[in-house]
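Scroll down for the structure; my scribbles are underneath it.
Residue numbers (this note's numbering): 9 to 54.
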């Protein structure tokens, strides 16, 4: 039996001040939250 899943992630921006370093992404150079979604290949959320 084989199982296939799709994983996608994005960084939605949020309003934060410079002192909130845990929410700062050096890669994107902005504050944001890590959002990851797993779906079935048909598009249904798991």
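Just so you know, even glycine gets a beta-carbon here, dropped at the ideal spot from N, CA and C.
Coil, strand or helix - residue 20 by DSSP:
If DSSP states are grouped into helix, strand and coil, residue 20 belongs with coil.
Could you tell me which of 47, 40 and 12 sits nearest to residue 23, measuring between CA atoms?
Of the candidates 47, 40 and 12, the one whose C-alpha sits nearest the C-alpha of residue 23 is 40.
Considering only residues of the same chain and omitting the five flanking positions on each side of residue 49, which have a CB-CB separation below 7 angstroms?
Closer than 7 angstroms at the Cβ level, and outside the excluded window around residue 49, lie 12 and 14.
Between the Cα of residue 46 and the Cα atoms of 30, 33 and 17, which residue gives the shortest distance?
Measuring from the Cα of residue 46, the nearest candidate turns out to be 17.
Using only alpha-carbon positions, find the residue among 43, 35, 30 and 37 that is nearest to residue 20.
For residue 20, the closest alpha carbon among the candidates 43, 35, 30 and 37 is that of 43.
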